[in-house]
Amino acid sequence: MAQRYNILIGGEAGQGPNVLTQIIGEALIKNGNYVFYSRDYESLIRGGHNFNTLTFSEEPVSSNDSKIDILVCLDEKTEEIHKKDLKPNGIILKNSKENMYYAGSIFKLLCLDFKLLEERLKKLDKFNENIKNAKQGYDEEKKNLCRLPNRNENNSFMNGNQGISEGAIKSDLGIYYAYPMTPATPILNELASKDGVKVVELENEIAVINAAIGSSIMGVNVMVGTSGGGFDLMTEALSMTGIAEVPVVVYLSQRPGPGTGVATHTSQGDLNLALNFGHGEFSRIVSTPGDPKEAQELTNQAFYLSQKFKIPAIVLGDKHLAESFYTISEKPSFIKINNETPFRRYNSYETDQYGSATENADIIKANVERRLNKIQDIKKEVSKLSRYSAYGKENSGNVIISWGSTKGAIVDAIKDMNAEFIHLKYIEPFPEDIKEKLMGKNIILVESSSTGQLAGIITKKTGIFIEDKNKILKYTGRPFFCDELKEEISKRFKK
Amino acid sequence: MVVNLSTTTKSTWCPGCWNFQILAGVKNYLNKKIKTEEDKKNYAIVAGIGCHAKIFDYLNLNGINTLHGRVLPTALGMKIANPKLNLIGFSGDGDCYAEGMEHLIHAARYNSNIKYLVHNNQVFALTVGQPTPVTELNFKDKTTPRGVKLHPINPIMLMLSAGATFVARVYADVKQIEWVLDEAFKHKGFAFIEVVQPCLIFHPDKDYKKYTYLLKDKKHDDSDFIKAMKRAQEFDYGLPTKNTKIPLGIFYRTKRPTFEEGLSLKK
Chain A
39 MAQRYNILIG
49 GEAGQGPNVL
59 TQIIGEALIK
69 NGNYVFYSRD
79 YESLIRGGHN
89 FNTLTFSEEP
99 VSSNDSKIDI
109 LVCLDEKTEE
119 IHKKDLKPNG
129 IILKNSKENM
139 YYAGSIFKLL
149 CLDFKLLEER
159 LKKLDKFNEN
169 IKNAKQGYDE
179 EKKNLCRLPN
189 RNENNSFMNG
199 NQGISEGAIK
209 SDLGIYYAYP
219 MTPATPILNE
229 LASKDGVKVV
239 ELENEIAVIN
249 AAIGSSIMGV
259 NVMVGTSGGG
269 FDLMTEALSM
279 TGIAEVPVVV
289 YLSQRPGPGT
299 GVATHTSQGD
309 LNLALNFGHG
319 EFSRIVSTPG
329 DPKEAQELTN
339 QAFYLSQKFK
349 IPAIVLGDKH
359 LAESFYTISE
369 KPSFIKINNE
379 TPFRRYNSYE
389 TDQYGSATEN
399 ADIIKANVER
409 RLNKIQDIKK
419 EVSKLSRYSA
429 YGKENSGNVI
439 ISWGSTKGAI
449 VDAIKDMNAE
459 FIHLKYIEPF
469 PEDIKEKLMG
479 KNIILVESSS
489 TGQLAGIITK
499 KTGIFIEDKN
509 KILKYTGRPF
519 FCDELKEEIS
529 KRFKK
Chain B
264 MVVNLSTTTK
274 STWCPGCWNF
284 QILAGVKNYL
294 NKKIKTEEDK
304 KNYAIVAGIG
314 CHAKIFDYLN
324 LNGINTLHGR
334 VLPTALGMKI
344 ANPKLNLIGF
354 SGDGDCYAEG
364 MEHLIHAARY
374 NSNIKYLVHN
384 NQVFALTVGQ
394 PTPVTELNFK
404 DKTTPRGVKL
414 HPINPIMLML
424 SAGATFVARV
434 YADVKQIEWV
444 LDEAFKHKGF
454 AFIEVVQPCL
464 IFHPDKDYKK
474 YTYLLKDKKH
484 DDSDFIKAMK
494 RAQEFDYGLP
504 TKNTKIPLGI
514 FYRTKRPTFE
524 EGLSLKK
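Take a look at the structure:
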């Protein structure tokens with residue numbers, strides 16, 4: 039494994055750690071590095087303690103490590119809290135309140151071209167002040183940490199929310215409805231800045247989903263975005279889409295629950311919710327992107343499948359995917375969306391051929407069976423798509439299984455290990471053929487939850503049981519670190 | 264040529280129900296406007312859940328019989344998708360003032376170009392007679408054997424104060440429905456129309472007609488907000504007595520840009 043470097047930038051909300059991280063990340067990517075950064079922030083607007091952790095390497099990276107090479111302290115608290123995580127030869131940058139001073143220091147430390155920084159600062163306000171601070175930081179820094187590859191690879195830098203938005207735009211999204219809720223809120227900003235998309239904020243999530251249904255029956259591609267609590271409010275209307283057969287795409291961005299839970303942190307605790315929401319029996323799609331490229335593709339596929347089968351499609355993300363930035367080196371592929379939703383008579387009741395309510399037993403039976411039989415066609419269609427990806431050593435006796443945003447840390451962790459990793463991109467319909475890959479293997483589950491929900495689903499769908507001791511679960515609201523996961527996985531290898 | 268707006272669905276309203284009058288009034292109005300099958304595509308209906316919603320099954324128009332309480336957001340979504348659509352929403356007092364109240368307040372503020380009829384029979388009739396937010400004080404049913412101890416809300420005052428641009432009340436009478444729809448469609452914006460239709464089964468007084476009077480006979484000025492509020496206070500939704508006065512007609516109308524107009528696309 040190539041050397042990985044971790045930079046932690048911490049400070050109070052409002053001190054600008056995000057713009058600083060973004061500038062460093064973009065410059066490192068321009069120089070041919072792979073960069074990943076995650077955001078850890080509190081539910082407040084000014085003060086508190088926020089930090090970003092940026093990891094870079096010559097090889098692809100999609101996670102952070104728990105130990106830090108460079109600690110950037112925009113305030114004193116940052117040093118107090120994170121000093122314990124600094125590597126023995128790690129560097130602390132402190133004593134300035136100006137974030138661009140540190141940009142200069144880091145450019146010097148990492149041998150990045152100062153001209154890149156100057157060009158980037160021209161895009162921000164207060165250029166004169168920023169460039170002065172940056173120059174000072176650059177000149178005052180005397181150390182030199184590492185040799186950089188200095189390649190030019192034209193990779194892009196994107197977070198999960200941008201991926202979801204891009205996937206929706208590529209699907210000819212007409213209207214996005216939402217009520218603000220972390221961590222789905224940034225989609226509102228993202229889409230509001232695009233031409234040709236109507237972005238509508240309504241009084242609550244119940245209005246949001248019902249308005250989306252109203253627009254969908256008029257033949258417009260719609261998406262709604264929310265987190266667990268908002269999604270709960272939407273589920274009655276989503277159940278109606280099951281009987282009325284109305285296409286709708288829902289972006290469910292998880293955070294820790296139950297209740298209000300932990301608003302600005304991450305979780306994978308809503309998998310069972312996504313699979314089981316709504317009263318009555320009806321089909322749905324649940325896809326689980328693991329990075330922004332998959333977010334683009336799976337959002338696009340959600341539009342495709344939801345339109346084709348007139349069903350709700352849930353794109354299940356979380357805060358870690360939504361707000362972390364990833365280096366994207368491959369172009370996503372998209373399916374063209376044809377909206378053929380007819381303007382007709384829709385009903386939340388069981389209906390006759392005229393779209394009027396009915397209580398006729400024979401009609402009810404026929405309607406139920408027609409909707410039930412869709413599942414076979416859905417399975418057939420989804421089987422044409424990539425439903426899971428395998429990483430690592432194909433014939434290893436150790437198989438790690440997971441879904442969604444844990445992908446990044448697992449892919450990084452198993453690089454030099456004797457393990458195969460199966461990352462699920464669809465949970466509904468479930469790719470039952472993974473049974474062959476799991477049979478007779480030492481299966482290890484990784485999930486950001488306290489119960490390991492995927493294990494139950496695997497048992498239900500394949501009959502394969504995952505032992506509790508083989509479940510690596512994290513439920514602190516924080517994502518897995520690469521080094522932490524490496525250790526946890528190797529503990530569970532068969533001797 | 265008259266376009267057929269009827270369905271073959273057998274009506275299940277109680278014999279003599281005021282809802283028949285509402286249906287006939289709506290049909291009369293639409294028959295004047297819809298001359299071809301093509302015209303029909305420019306009209307849509309949305310209904311909620313309750314006795315009122317059966318109207319969806321008796322009107323052969325596109326649209327949706329949506330969930331309980333969700334007529335207004337559903338209709339709003341349809342209008343955002345197609346601002347040219349002529350849309351009538353139907354709710355009952357349970358659908359609108361109980362389950363869907365949060366949407367009603369905002370609908371008045373949004374001012375989407377939706378014509379909204381609230382069939383107010385002052386009771387949850389389809390669930391056999393429980394009190395709604397507009398049921399009179401001391402009303403008794405099996406769930407309230409000692410009588411209702413809550414005061415009814417006054418939806419006309421509520422809509423005025425929430426900023427509705429068209430606020431009317433009519434009786435469940437063919438002619439009045441036809442007339443008010445004509446006025447409502449002339450208005451560009453949200454039209455709130457309460458239809459008085461006392462429930463024949465669950466209400467002690469089955470016909471409020473004798474207590475009503477027409478605002479236009481009193482030369483009411485519907486551009487005057489203060490006068491509209493005063494008129495709205497005249498009926499408190501109590502069980503009528505010989506002194507009760509129920510004003511009918513347009514309380515207030517004003518102009519404001521619609522929700523759809525505010526959503527222009529930068530293309």
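Taken in order, these protein sequences are the chains called A and B.
Take 39 as the starting number for the first sequence in our numbering and just add one per residue.
Take 264 as the starting number for the second sequence in our numbering and just add one per residue.
Glycine included, each C-beta is placed from N, C-alpha and C at the ideal position.
- Taking a cut-off of 8 Å on C-beta distances, the stretch 477-493 of chain B does not touch the stretch 451-462 of chain B, as fewer than three cross pairs fall below it.
- With respect to A:A351, A:L343 sits close: the two C-beta atoms are nearer than 7 Å.
- Along the stretch 331-356 of chain B, going in chain order, the ones with a CB nearer than 7 Å to a CB of chain A are R333, P336, T337, A338, L339, G340, M341, I343, A344 and N345.
- Against chain B, a Cβ distance below 7 Å from A:M256 picks out M341, A344 and N345.
- Flagged as an interface residue toward chain B: A:E241, by a C-beta distance shorter than 7 Å.
- One thing to note: A:V287 has its Cβ within 7 Å of the Cβ of A:A340.
- Near chain B, meaning a CB-to-CB distance below 7 Å, the residues of the stretch 380-400 of chain A are F381, R382, R383, Y384, N385, S386, Y387, Y392, S394 and A395.
- In the structure shown, A:A428 adopts extended strand secondary structure according to DSSP, grouped into three states.
- At least 7 Å separates the beta-carbon of B:V443 from that of B:A435.
- Beta-carbon to beta-carbon, A:K181 and A:I129 are separated by about 6 Å, close enough to satisfy the 8 Å threshold.
- Within chain B, the residues placing a beta-carbon under 8 Å from that of A:M278 are T329 and L330, ordered along the chain.
- Proximity of chain A to B:D320 at the Cβ level (cut-off 7 Å) is accounted for by S394 and A395, in chain order.
- The contact set of B:H369 on chain A, defined by CB atoms closer than 8 Å, consists of L240, E241 and A245 in chain order.
- Spatial neighbours of A:E191 in its own chain (CB-CB distance under 6 Å, excluding positions within 5 residues in sequence) are listed in chain order as G70.
- With fewer than 16 other CB atoms across the displayed protein chains lying within 10 angstroms of its CB, A:F165 is exposed.
- Uninterrupted beta strand (DSSP E) stretches at least 3 residues long and entirely within the stretch 326-379 of chain A occur at 350-356 and 363-366, given in chain order.
- The stretch 309-320 of chain A and the stretch 499-508 of chain A do not touch, with fewer than three beta-carbon pairs separated by less than 8 Å.
- One thing to note: B:A371 has its Cβ within 7 Å of the Cβ of B:G426.
- Any Cβ of chain B closer than 7 Å to the Cβ of A:N248 would place that residue at the interface, and such an atom is present.
- Inside the stretch 49-80 of chain A, DSSP marks whole alpha helix (DSSP H) runs of 4 or more residues at positions 55-68, from first to last along the chain.
- Among the CB atoms of chain B, none fall inside 7 Å of the CB of A:S344.
- Listed along chain B are L330 and R333, each with a C-beta nearer than 8 Å to that of A:A275.
- When the alpha-carbon of B:M422 is set against those of B:D445, B:K304 and B:H366, the nearest one is in B:H366.
- Under the 10 Å beta carbon count, B:H414 is surrounded by fewer than 16 other beta carbons and is classified as exposed.
- Setting aside the 5 residues that flank it on each side, A:T93 is surrounded in the same chain by R42, N44, F74, V99 and N102, each with a C-beta closer than 6 Å to its C-beta; the list follows chain order.
- Inter-residue distance for A:F519 and A:S104 is about 6 Å (C-alpha atoms, whole angstroms).
- Excluding sequence positions up to five before and after A:L240, its CB lies within less than 7 Å of the CB of Y215, Y217, V246 and A249, all in the same chain and listed in chain order.
- DSSP, read as helix, strand or coil, puts B:D404 in strand.
- In the DSSP annotation of this structure, B:W276 is not part of any beta strand (DSSP E), being labelled neither H nor E.
- Separation of the CB atoms of A:L148 and A:L183 is rounded to 6 Å, and the pair is thereby assigned contact status at 8 Å.
- Close CB contacts of A:E204 within its chain, under the 6 Å cut and outside five residues either way in sequence, are with Q334 (chain order).
- In the three-state reduction of the DSSP assignment, A:F152 falls in the helix class, which pools H, G and I.
- Secondary-structure assignment with DSSP links B:V433 through a beta bridge to B:V458.
- The DSSP-derived three-state label of A:P126 is strand.
- Interface residue (Cβ-Cβ distance to chain A less than 7 Å): B:T275 is not classified as such.
- Around the beta carbon of A:E97, fewer than 16 other beta carbons lie within 10 angstroms, which makes this residue exposed.
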